[in-house]
Structure formats: structure tokens, C-alpha cells
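Undergrad: Below is a structure I'd like to ask you about.
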Amino acid sequence: MPATGSPSHLSEAGFEVRHGCYGLPTAVRATVGSGPLHIAICAEYDALPEIGHACGHNVIAAAAVGAGLGLAGLADDLGMKITVLGTPAEEGGGKVLMLERGAFDGLDAAMMVHPAAVEMDAMPGSTVSMFDVSYRGTPAHAGAYPERGVNAADAMTVAQVAIGLMRQQTTTADRVQGIVTEAGSAANIIPDASRGRWIVRSDTLEALAPLTARVQRCFEAGALATGCELSIAPTSPDYADMRPAPGLLALYRANAEALGRTFPDLPGGAAVGAATDMGNVSHAVPTIHPMLGLDCAPAVNHQPEFTAACVTPAADRAVLDGAIAVAWTAADLAATSRE
82 MPATGSPSHL SEAGFEVRHG CYGLPTAVRA TVGSGPLHIA ICAEYDALPE IGHACGHNVI
142 AAAAVGAGLG LAGLADDLGM KITVLGTPAE EGGGKVLMLE RGAFDGLDAA MMVHPAAVEM
202 DAMPGSTVSM FDVSYRGTPA HAGAYPERGV NAADAMTVAQ VAIGLMRQQT TTADRVQGIV
262 TEAGSAANII PDASRGRWIV RSDTLEALAP LTARVQRCFE AGALATGCEL SIAPTSPDYA
322 DMRPAPGLLA LYRANAEALG RTFPDLPGGA AVGAATDMGN VSHAVPTIHP MLGLDCAPAV
382 NHQPEFTAAC VTPAADRAVL DGAIAVAWTA ADLAATSRE
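If you count by our numbering, then the sequence shown holds residues 82 to 420, one letter each, in order.
Below, the structure is given as C-alpha cells:
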């Protein structure tokens with residue numbers, strides 16, 4: 082990727098940089114300008130287990146820093162304060178924690194760009210609840226004394242069957258996803274422990290809460306049927322749905338199109354089941370989260386092929402175009418706010 086910068090580049094450009102903000106050791110806040118219009122640009126960073134930048138956080142962070150560098154010398158003339166927020170752990174709700182701890186207080190707008198297979202001016206983000214599930218049973222010899230065991234793997238199986246049957250009564254916006262990370266180590270031992278990681282999605286927070294409760298009752302059923310002890314532990318705060326600010330979105334789209342980026346019609350929407358912790362920010366501050374197309378279909382986010390797509394010439398262009406479009410959008414917003 083092009084060397085579009087880091088916190089040290091921002092400090093060299095005149096930003097006041099703070100590290101380890103909001104109780105997160107890898108969070109960064111870099112601010113320049115003293116105007117009344119305060120805009121944040123999110124430099125989101127994270128990676129996925131085993132497949133790295135399969136959601137393009139390298140592109141996101143570089144584009145945000147690039148936009149900040151482009152605006153640094155103009156902020157006061159435009160009547161703006163620009164804050165580049167380094168927001169870690171997007172896959173685990175980092176922005177939700179930063180929002181709760183005041184990172185987005187007093188802002189007039191928040192912006193970021195995100196790579197995808199195709200160009201989109203708005204990501205139709207869903208709500209998400211994420212949690213770990215574990216069962217504790219009693220081990221036993223599976224051949225000689227199986228009746229002495231309490232099978233934790235069976236508890237997980239009962240829960241999965243219950244979730245599968247429940248899906249008939251869920252809406253098209255609902256998703257239940259999970260993996261079993263542990264369910265025993267030998268076929269001749271009754272497993273005394275099983276563990277899994279689960280995600281529940283819906284279109285609004287109001288729909289998410291009862292759906293999550295229904296799913297968790299399926300895990301309670303596994304415990305009741307087998308006699309195991311159940312533990313459910315959230316792995317991140319819940320993500321809210323994405324609510325882009327229409328006026329800000331129109332400014333961005335016009336700027337992106339001026340750079341030669343095109344927005345295809347996507348019947349029925351795209352990435353409907355995707356989610357971002359930027360959704361929570363959008364409920365508190367006027368926000369946009371457009372998607373930069375890498376023209377890499379059928380490879381899509383969270384696939385190894387998308388990791389490869391994020392280090393191509395198309396990704397390099399997305400970094401530069403994203404940075405320029407965000408910077409132009411901030412300048413346009415400053416101009417309209419003075420009218």
C-alpha cells in the first residue's frame with residue numbers, strides 16, 4: 082500500500098496527537114484547526130484471525146490519515162477542526178467503547194470509507210450481538226461408564242438443533258451464526274466441556290434484543306436437557322444499525338463521482354448482513370460510511386481472496402480516492418455551513 086501516513090505523519094503535519102485514549106491502549110486522537118465546525122475522520126484498524134486484512138482495514142486507516150493530511154493546512158481557513166480518530170478493534174466494538182467514553186462528543190460529523198467488492202454510497206449495516214457460550218459437564222469413560230458422564234458436547238448439539246428449528250420463525254433480516262470451538266478431545270471420553278462463539282443479527286436494535294433472547298434460550302435448553310452448567314459471555318457491545326446522514330452522503334457521492342468512481346444499481350441492496358460499530362456512532366452524530374469498490378467480485382469481505390484484493394493497484398487507488406473524496410466532502414460541508 083502507498084505510505085499515506087501514521088500518527089507520526091500527522092504530528093509532522095501539525096496535528097496534536099494523543100495515544101492510548103479512552104481507555105484503549107491502541108486508540109489515537111489527532112486534532113488540527115480551531116474552527117467551529119468539528120469533523121472526525123475514523124482511521125479504523127483491525128484484522129481477522131488467520132486471514133488478516135480481509136475487511137480492508139489497511140485501506141480504511143490509510144485513507145483516513147490521507148484525508149487528514151490533505152485538510153491539515155486548510156482547516157483554519159475553512160473554519161474547521163479536524164480530528165483523525167484511530168479506532169481499534171472494529172471487529173469487537175472498539176468505536177462503541179470510544180463513543181461511550183466521549184470520543185465523539187461535540188462533533189458535527191463523522192466520516193470514514195471502507196473497501197468492498199463494489200462501490201456503494203451507503204452500507205446497509207445490520208445490528209449485531211456477539212457472545213461466547215460454554216457448557217460444563219462431567220467426564221467419564223465413554224465405553225465402560227458412560228452413564229456417569231454429563232456430556233457437554235451433547236448440550237451444544239441440542240442448542241444447535243433448537244436454533245435450526247427456530248429459524249423458520251425468524252424474519253429475512255435475521256441471522257444466527259456460530260462456530261463450535263471445543264467439543265471434546267477423544268471419542269472414548271464423555272466431553273466435560275464445550276465452547277462456541279455466536280453472532281445474532283437483525284435490522285434494528287428493537288428487533289435484535291428479543292431475537293438474541295430467543296437464541297440464548299436455545300442454549301438454556303441444551304443445559305436443561307443434559308444437566309450441564311451454562312455460561313454466556315458477551316464478547317463486545319451490541320452494534321447498532323447504520324443510519325447515514327443524507328445531506329453528507331450526497332456531498333460525498335458527488336465528490337467520488339467527480340474522481341471517476343461509479344455506483345452501480347444493486348437490486349435488493351448489498352452486504353445486507355454486514356455490520357459495523359460505526360452504526361452506533363451514526364445514532365449519535367451525522368455519519369457516513371461509504372464503500373470503495375475494488376472490482377474484485379466474486380471475492381467479498383471476510384474471504385482470503387479479499388485480503389489479496391486489498392494489496393492491489395485497485396486498493397491503492399481506493400486509498401487515494403477515498404482520502405480525496407472525504408477531504409473534499411469535509412471542505413464542502415464547511416462551505417455549506419457558512420451559507
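Heads up, the beta-carbon is just placed ideally off N, CA and C, and yes, glycines get one too. Bear in mind that the values here come from a model prediction, so they are computed numbers and not experimental data.
Enumerate in chain order the residues of its own chain whose CB-to-CB distance from Gly175 is below 6 Å, with the five nearest sequence positions on each side excluded.
TA: Correct list, in chain order: Thr168, Pro169.
Undergrad: At what residues does the beta strand (DSSP E) containing Arg324 begin and finish?
TA: Counting along the chain, Arg324 falls outside any beta strand (DSSP E), and DSSP gives it neither H nor E.
Undergrad: Looking only at its own chain, which residues have a Cβ that is under 7 Å from the Cβ of Glu263, when we skip the five neighbours before and after it?
TA: So the list reads Ala274, Ser275, Arg276, once near-sequence residues are dropped.
Undergrad: Using 10 angstroms around the beta-carbon of Ser89, count the other beta-carbons present and answer buried if the total reaches 16, otherwise exposed.
TA: Per the 10 Å Cβ criterion, exposed.
Undergrad: Shortest alpha-carbon distance to Ala221 belongs to which of Arg419, Ala233, Met323, Ser215?
TA: Out of Arg419, Ala233, Met323, Ser215, Ala233 has the C-alpha closest to the C-alpha of Ala221.
Undergrad: Going by beta carbon distance, what residues of the same chain come within less than 8 Å of Ala321, once the five residues before and after it are set aside?
TA: For Ala321, where only same-chain residues beyond five positions count, the Cβ hits under 8 Å are Thr208, Leu286, Gly360, Asn361, Ser363, His364.
Undergrad: With three or more C-beta pairs closer than 8 Å as the rule, is the segment 398-418 touching the segment 233-250?
TA: Judged by Cβ distances under 8 Å, the segment 233-250 makes no contact with the segment 398-418, as fewer than three pairs qualify.
Undergrad: Using alpha carbons as the reference points, say which of Pro117, Arg278, Pro227, Val257 lies closest to Ala268.
TA: Comparing Cα positions, the closest option is Pro227.
Undergrad: Can you list, in chain order, the residues of its chain whose CB lies under 6 Å from that of Ala240, leaving out five sequence neighbours each side?
TA: Hits under 6 Å: Cys299, Phe300, Gly303.
Undergrad: Pick out whichever of Gln250, Gly224, Ser266, Phe212 has its Cα sitting closest to the Cα of Gly259.
TA: The option with the nearest alpha carbon to Gly259 is Phe212.
Undergrad: Considering only DSSP beta bridges, list what Cys424 is partnered with.
TA: With the chain covering 82 to 420 only, the question about residue 424 has no answer from this structure.
Undergrad: Just verifying my parser: in three-state terms, what is the DSSP assignment at Pro366?
TA: The sequence as given places Val at residue 366; Pro does not occur at that position. Of the three classes helix, strand and coil, the one that applies to Val366 here is coil, per DSSP.
Undergrad: Tell me the DSSP bridge mates of Ala190?
TA: BP columns for Ala190 point to Ile120.
Undergrad: Going by DSSP, which residues form a beta bridge with Gly133?
TA: Its beta-bridge partners are Leu129.
Undergrad: Taking Gly187 as the reference, give the member of His134, Gly116, Glu171 with the closest Cα.
TA: When only C-alpha atoms are compared, the closest one is Gly116.
Undergrad: If you drop the 5 nearest sequence neighbours on each side, which residues of the same chain put their C-beta closer than 7 Å to that of Gly173?
TA: Here the set comprises Thr316, Ser317.
Undergrad: Do His383 and Met204 have their C-beta atoms within less than 7 Å of each other?
TA: Taking 7 Å as the Cβ cut-off, His383 and Met204 do not qualify as a contacting pair.
Undergrad: Specify, as a first and last residue, the run of the alpha helix (DSSP H) that Met237 falls within.
TA: Run containing Met237: 233-247, per the alpha helix (DSSP H) assignment.
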